[in-house]
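Numbering (the working numbering), first residue to last: 31 to 120.
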């Protein structure tokens with residue numbers, strides 16, 4: 031069974047939302063780290079693709095973009111619902 035990029039995105043979104051519900055402190059850091067890692071991998075893959083053409087499927091780039099978007103969207107959604115976490119207050 032092959033998953034489409036939108037299905038992978040929804041699975042990631044559910045994972046990040048559950049993480050936010052369990053522990054928002056850890057969720058902030060994991061969301062930030064995973065989004066940055068995926069962004070750097072995407073940028074490197076894109077740069078290499080521009081230098082030398084490869085046979086990487088187009089769905090790879092879609093999944094990478096959605097992997098960057100999933101933690102950001104989950105973070106914004108949970109912050110909109112619950113507001114600023116208590117540990118962020120001064």
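Where is the CB? At the ideal position from N, CA and C, for every residue including glycine. Keep in mind the model is a prediction, meaning the values are calculated, not measured.
Length of the line joining the Cα atoms of residue i and residue j
{"i": "residue 43", "j": "residue 104", "result": "6 Å"}
{"i": "residue 108", "j": "residue 72", "result": "25 Å"}
{"i": "residue 47", "j": "residue 33", "result": "20 Å"}
{"i": "residue 87", "j": "residue 79", "result": "11 Å"}
{"i": "residue 50", "j": "residue 111", "result": "11 Å"}
{"i": "residue 45", "j": "residue 119", "result": "26 Å"}
{"i": "residue 57", "j": "residue 114", "result": "13 Å"}
{"i": "residue 53", "j": "residue 31", "result": "32 Å"}
Rounded Cβ spacing between residue i and residue j (contact assumed at less than 8 Å)
{"i": "residue 89", "j": "residue 35", "result": "6 Å"}
{"i": "residue 65", "j": "residue 98", "result": "5 Å"}
Residue nearest to residue i in terms of C-alpha spacing, selected from the options
{"i": "residue 93", "options": "81, 69, 80, 85", "result": "69"}
{"i": "residue 101", "options": "55, 51, 60, 31", "result": "60"}
{"i": "residue 38", "options": "95, 56, 113, 118", "result": "95"}
{"i": "residue 74", "options": "55, 91, 40", "result": "91"}
Interface flag, residue i vs chain D, CB-CB below 8 Å
{"i": "residue 86", "result": "Here chain D cannot be found, since the structure has a single protein chain."}
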